[in-house]
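S.K.:
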Amino acid sequence: MPFDHLPPTTCESPRPRREKVFREKPGIPLDREAKVRIMAYARGYNAKHRRDGQHQGPITWAFFRVLKAMLWEIHNPKTGHCFPSYETIAEKAHCCRDTVYEAIRVLEASGILDWVNRFDKLFIEGSWQVIRTSNAYLFRDPLPCATSSGKHKSENPAGTPHHQEKILKAPPENTILDLPNSMVATLIGLGRSIGAIAA
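Sequential numbering from 27 applies to the sequence shown in our numbering.
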């Protein structure tokens, strides 16, 4: 063959393979503050990546409506589950299905969300079949160390208080005993007399 002398080439997709999950993907719970941070991040991303001639940026007004609908109306803040169909998102965002597709593509490229393929096993016409269902969406909180587990029920947070941590981390101080005038001297003397303590 004319190209046998060339090394074999591997054809790799520019995007990694999409993750596939069965039924439900564990969600990321988000409280109100986390959702506000995500919306603020989207506005900041738009301002940073706006090109000449763009009215707003990569995330258009229609894409913002899709983001708001998914984040505030569909996403479950306690479980983190968000797996609506394109039609449901389009209905909530008052746009068409194609706009939802383009919005999700742009929102993923901006780092706001990620999604995976969901599959389910259903009994159809006398046999079990594995079918693809709606995608599962995960939103990313832009605050790196954010936790969305909720506030403490008590006014005192769990764990060791800061002032106690300082006490625990401080090295123990050496105590100087006044042996001639203390009961410790008497006990030490007794211990030496019975052979419990070396002289």
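Each residue gets a CB set at the ideal place from its N, CA and C atoms; glycine is no exception.
Let me confirm a value: His120 is counted as buried when at least 16 other C-beta atoms fall within 10 Å, else exposed. Which label applies?
M.R.: exposed
S.K.: With a threshold of 7 angstroms on Cβ separation, who are the neighbours of Asn161 within its own chain once the five nearest residues in sequence on each side are excluded?
M.R.: Phe109, Trp141, Val142, Asn143 and Arg144
S.K.: Figure out for me which residue from Glu59, Asp124 and Ser219 has the closest Cα to the Cα of Phe89.
M.R.: Comparing C-alpha distances from Phe89 to each of Glu59, Asp124 and Ser219 shows the shortest one belongs to Asp124.
S.K.: Suppose contacts are defined by Cβ-Cβ distances below 8 angstroms. Is Arg166 in contact with Gly137 by that definition?
M.R.: In this structure, Gly137 lies closer than 8 angstroms to Arg166 by Cβ.
S.K.: Around the Cβ of Leu213, are there at least 16 other Cβ atoms within 10 angstroms (buried) or fewer (exposed)?
M.R.: exposed
S.K.: Report all residues from its chain with a CB closer than 6 angstroms to the CB of Gly53; omit the five preceding and five following residues, and keep chain order.
M.R.: Thr105, Gly106 and His107
S.K.: List the DSSP bridge partners of Asp167.
M.R.: None, per the DSSP bridge assignment.
S.K.: Quick one: Cα of Pro84 to Cα of Ala116, how far?
M.R.: The C-alpha of Ala116 is placed about 19 angstroms away from the C-alpha of Pro84.
S.K.: Taking all protein chains shown into account, do 16 or more other C-beta atoms lie within 10 angstroms of the C-beta of His238, making it buried, or fewer, making it exposed?
M.R.: One cannot answer for residue 238 here, as it falls past the ends of the chain, which runs 27 to 225.
S.K.: Confirm, please, whether the CB-CB distance from Ile100 to Lys118 is below 8 angstroms.
M.R.: Yes, the pair counts as a contact, with Cβ atoms nearer than the cut-off.
S.K.: Using the C-alpha atoms, what's the distance from Ile150 back to Leu97?
M.R.: 33 angstroms
S.K.: Buried or exposed for Val126, please, with buried defined as at least 16 other CB atoms from any protein chain shown within 10 angstroms of its CB.
M.R.: buried
S.K.: So, does the CB of Asp146 fall closer than 8 angstroms to a CB anywhere in chain D?
M.R.: Judged by its chain identifiers, the structure shown contains no chain D, having just a single protein chain.
S.K.: Can you give me the C-alpha to C-alpha distance between Ser111 and Tyr163, rounded to a whole angstrom?
M.R.: 11 angstroms
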